[in-house]
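Novice: Input: one structure, supplied below.
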Amino acid sequence: MTGLAIMSSRLIQQTTNTIKKMHTNSLRLLAIAFTSFLSVLTVTAEDKPPNIVVIISDDHGFNDYGFMGHPHIKTPHIDKLASESKVFTRGYVSTPLCCPSLTTMLTGLYSYQHGYTGNDPVDGWSKRQKWLAHYKTLPQLPKMLQEKGYLSLHTGKFWQEDPIQVGGFTHSMGKTLRHGSQESLGIGRDGMQPVYDFIDEAQDKEKPFMVWYAPFLPHTPHNPPARLENKYKGIRNGTYFAMVDWLDETCGQLLGYLEDKGLDENTVVLYISDNGWPGPHKVYPSELGMRTPIMIKWPGKVTPNMDVSNVASNIDLAPTILSLAGLQKAAMMQGIDLLDTQAVESRKFVFGDNYHHDMAAADKPEASLRARVAISNQWKLISWQEEQPDLREIPWLTPAPKQRYQLFNLQLDPFEKQNLAEDRPEIVEQIEKTLDAWWVPNSLD
Ligand SMILES: [Ca+2]
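Encoded structure:
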């Protein structure tokens, strides 16, 4: 090879290397640009968490739905929601009464933690300030969601006077008293316009939203519209069935509005009841008092299925919603994210604490305590207090049984007919230890 040829060859090689290097750099730059683009997309997705709609039925038996097999009650809209949701048919509330149950959902805390063990202070409604003062120190779901830019609307029931100032919501239907206010308790019964207006406002402001739909349905007063009353005429408990039907209609209106606005894809709908029905089971730790289906619908993200094995609880509502919003639960919260399959399957028990209707002291939950409850896939132990609280007699409050312990095999005996506590003392002892480890009241002092 001549010198010129060698020089030409080197030049070609250098030029080729330069082109390769340029090409590599271009690819690298392109890759960096693409990665940046993806991270922008990720940030954008994280910045826009899903909307959340929480539907909380009130005084509603766990079997009183079409999809749960009720022979009379028609609930086509809730049935459709169930068919599109992950459904825990073995859902429970920890305390089967309006105020404590709702307070658990709003704080992610058990009654022995948040202090609202019943509906009313034993000295009367006017003595509620100590409970309110404690509530203000607690983690509150709507307030925590504000960190992610959520607007939140409270409707229906609320026991802490002001859903905005005390409860951390951004929007409400005004201040409340027992149960709620006349205006807030009209939600559903008088229509859904406040919910529609709020959703429109959140859309205009391009903010994620949470709708807290906690209507006074099917709770008393049992005064359904005549068209629904007539539907169940002549059937025992027909008026209550009509009230459930009324609740279902309003759920249909709410879910229909989301669809009409094209929001159903990016909205997670959660469903639960605050306690069961009928009357003798209210404030009572029976399955008819504590159990409720719990549902989570998120199209394309949560695969619909009917989980009839794993137990779930209203203690899980706040942690699940916080996780959906990309937030950590507060350290005090003992519930789990119900969309975390491993957490759901590895948890053995859900717990309940059952109290008198009246609250003796905000800082001494044991003063109103009637029983503690642990429920697993198979077993349910109700551990009654040796001494029942000596508080105001309430005619409809079902008294504690004579037995100290009630143990039921729920797989064989779902309506708790046969107490196995005397036959299986070793299981009673074992679950009682679990209860002792769980139930550790915090002092407010
Ligand atoms: Ca209730």
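In my numbering, the protein residues as written are -14 to 430. Built from N, CA and C at the ideal position, the CB exists for glycine as well.
(1) What residue does the beta strand (DSSP E) around residue 76 start on, and which one ends it?
(2) Can at least three beta-carbon pairs, one atom from the region 146 to 153 and one from the region 322 to 338, be found at a separation below 8 Å?
(3) Please say whether residue 173 and residue 202 have beta carbons closer to each other than 8 Å?
(4) If you check the beta carbons only, do residue 260 and residue 78 fall under 8 Å apart?
(5) Write down the C-beta distance between residue 242 and residue 279 rounded to the nearest angstrom, noting that I regard them as a contact closer than 8 Å.
(6) Using 7 Å as the cut-off, classify the Cβ of residue 245 as near or not near the heavy atoms of ligand 1, replying yes or no.
(7) Less than 8 Å between C-beta atoms, sequence neighbours within five positions excluded: which residues of the same chain meet that for residue 30?
(8) Looking at the secondary structure, which residues open and close the alpha helix (DSSP H) in which residue 392 lies?
(9) Output the boundary residues of the beta strand (DSSP E) element that contains residue 229.
(10) Do you know how far the Cα of residue 144 is from the Cα of residue 435?
(11) So, at 6 Å on beta carbons, what are the nonlocal neighbours of residue 88 in its own chain, with the 5 sequence-adjacent residues on each side left out?
(12) State the DSSP-derived secondary structure class of residue 6, mapped to helix, strand or coil.
(13) Below 7 Å, is the gap between the Cβ of residue 236 and the nearest heavy atom of ligand 1?
(14) For chain D, check one thing: does any of its Cβ atoms lie closer than 8 Å to the Cβ of residue 277?
(15) Who's in the neighbourhood of ligand 1, going by beta-carbon under 5 Å from any heavy atom, listed in chain order?
(16) Would you tell me roughly how many angstroms separate the C-alpha atoms of residue 310 and residue 35, rounded to the nearest one?
(17) Measure how close the beta-carbons of residue 63 and residue 230 come, nearest whole angstrom, since I'm counting them as under 8 Å.
(18) Along the beta strand (DSSP E) that carries residue 38, what are the first and last residues, could you check?
(19) Could you say which of 272, 324, 292 lies nearest to residue 393 if we only look at CA atoms?
(20) Beta strand (DSSP E) containing residue 80: first to last residue?
(21) Count the C-beta pairs between the region 160 to 172 and the region 215 to 229 that are closer than 8 Å, then say yes if the count reaches three, no if not.
(22) Would you check if the distance between the CB atom of residue 80 and the CB atom of residue 265 is smaller than 8 Å?
(23) For residue 110, write down the residues that DSSP places opposite it in a beta bridge.
(24) For residue 245, which of 281, 184, 204, 206 has the nearest alpha-carbon?
(25) Is the beta carbon of residue 90 sitting closer than 8 Å to the one on residue 303?
(26) For residue 426, collect the residues of the same chain with a Cβ closer than 7 Å to its Cβ; drop the 5 residues on either side in sequence, then sort them by chain order.
(27) Identify the residues that DSSP records as bridge partners of residue 305: which are they?
(28) Taking all protein chains shown into account, do 16 or more other C-beta atoms lie within 10 angstroms of the C-beta of residue 369, making it buried, or fewer, making it exposed?
(29) Which of the three DSSP states is assigned to residue 215 in this structure?
(30) For the putative contact between residue 360 and residue 296, defined by C-beta atoms under 8 Å, what is the C-beta separation to the nearest angstrom?
(31) Do residue 134 and residue 314 have their C-beta atoms within less than 8 Å of each other?
(32) Look at the Cβ atom of residue 137, then the Cβ atom of residue 127, and state whether they are nearer than 8 Å.
(33) Where does the unbroken beta strand (DSSP E) through residue 199 begin, and where does it stop?
Specialist: In short, the structure shows the following:
(1) Element bounds for residue 76: 71 to 77.
(2) No: the two stretches stay apart, fewer than three of their Cβ pairs being nearer than 8 Å.
(3) Result yes, Cβ atoms of residue 202 and residue 173 sit closer than 8 Å.
(4) It is a contact, given that the beta carbons lie within the stated cut-off.
(5) Not quite, the Cβ-Cβ distance comes to about 23 Å (not below 8 Å), so this is no contact.
(6) For residue 245, the shortest separation between its Cβ and any heavy atom of ligand 1 does not lie below 7 Å.
(7) Caution applies to residue 30, whose pLDDT of 45 falls short of 50 and renders its modelled position unreliable; the value that the coordinates give is listed next. Exclusion of the five residues before and after residue 30 leaves no residue of its chain whose Cβ lies closer than 8 Å to its Cβ.
(8) From DSSP, residue 392 is part of no alpha helix (DSSP H) but of the beta strand (DSSP E) over 390 to 394.
(9) Judged by DSSP secondary structure, residue 229 falls outside any beta strand (DSSP E) and instead within the alpha helix (DSSP H) spanning 223 to 245.
(10) Summary: the structure shown does not reach residue 435, with the chain confined to residues -14 through 430, and so no result is reported for it.
(11) Listed in chain order, the non-local C-beta contacts of residue 88 below 6 Å within the same chain comprise 99, 101, local neighbours out to five positions each way being set aside.
(12) Caution applies to residue 6, whose pLDDT of 47 falls short of 50 and renders its modelled position unreliable; the value that the coordinates give is listed next. Helix, per DSSP.
(13) No, since every heavy atom of ligand 1 falls outside the 7 Å radius drawn around the Cβ of residue 236.
(14) The chain labelled as chain D is not found in the depicted structure, where only one protein chain is given.
(15) Every residue passing the under-5 Å Cβ criterion appears here: 43, 44, 83, 259, 260.
(16) Their Cα atoms are separated by approximately 7 Å.
(17) That pair is no contact at about 10 Å.
(18) Membership of residue 38 in the beta strand (DSSP E) is indicated by the continuous run 36 to 42.
(19) Residue 393 has its Cα closest to that of 272, out of 272, 324, 292.
(20) No beta strand (DSSP E) contains residue 80, which DSSP labels as neither H nor E.
(21) Of all C-beta pairs linking the region 160 to 172 to the region 215 to 229, fewer than three are shorter than 8 Å, placing the two stretches out of contact.
(22) Contact: no.
(23) Among the bridge pairs identified by DSSP, residue 110 is matched with none.
(24) Taking only the C-alpha atoms, the option nearest residue 245 is 184.
(25) In this structure, residue 90 lies near residue 303, with their beta-carbon atoms less than 8 Å apart.
(26) For residue 426, where only same-chain residues beyond five positions count, the Cβ hits under 7 Å are 97, 350, 351.
(27) Beta-bridge partners of residue 305 (DSSP): none assigned.
(28) It is buried - the Cβ of residue 369 has at least 16 other Cβ atoms within 10 Å.
(29) In the displayed model, residue 215 falls within a helix according to three-state DSSP.
(30) About 6 Å separates the two Cβ atoms, so the contact holds.
(31) In this structure, residue 314 does not lie closer than 8 Å to residue 134 by Cβ.
(32) The answer is yes: Cβ separation under 8 Å.
(33) Run containing residue 199: 194 to 199, per the beta strand (DSSP E) assignment.
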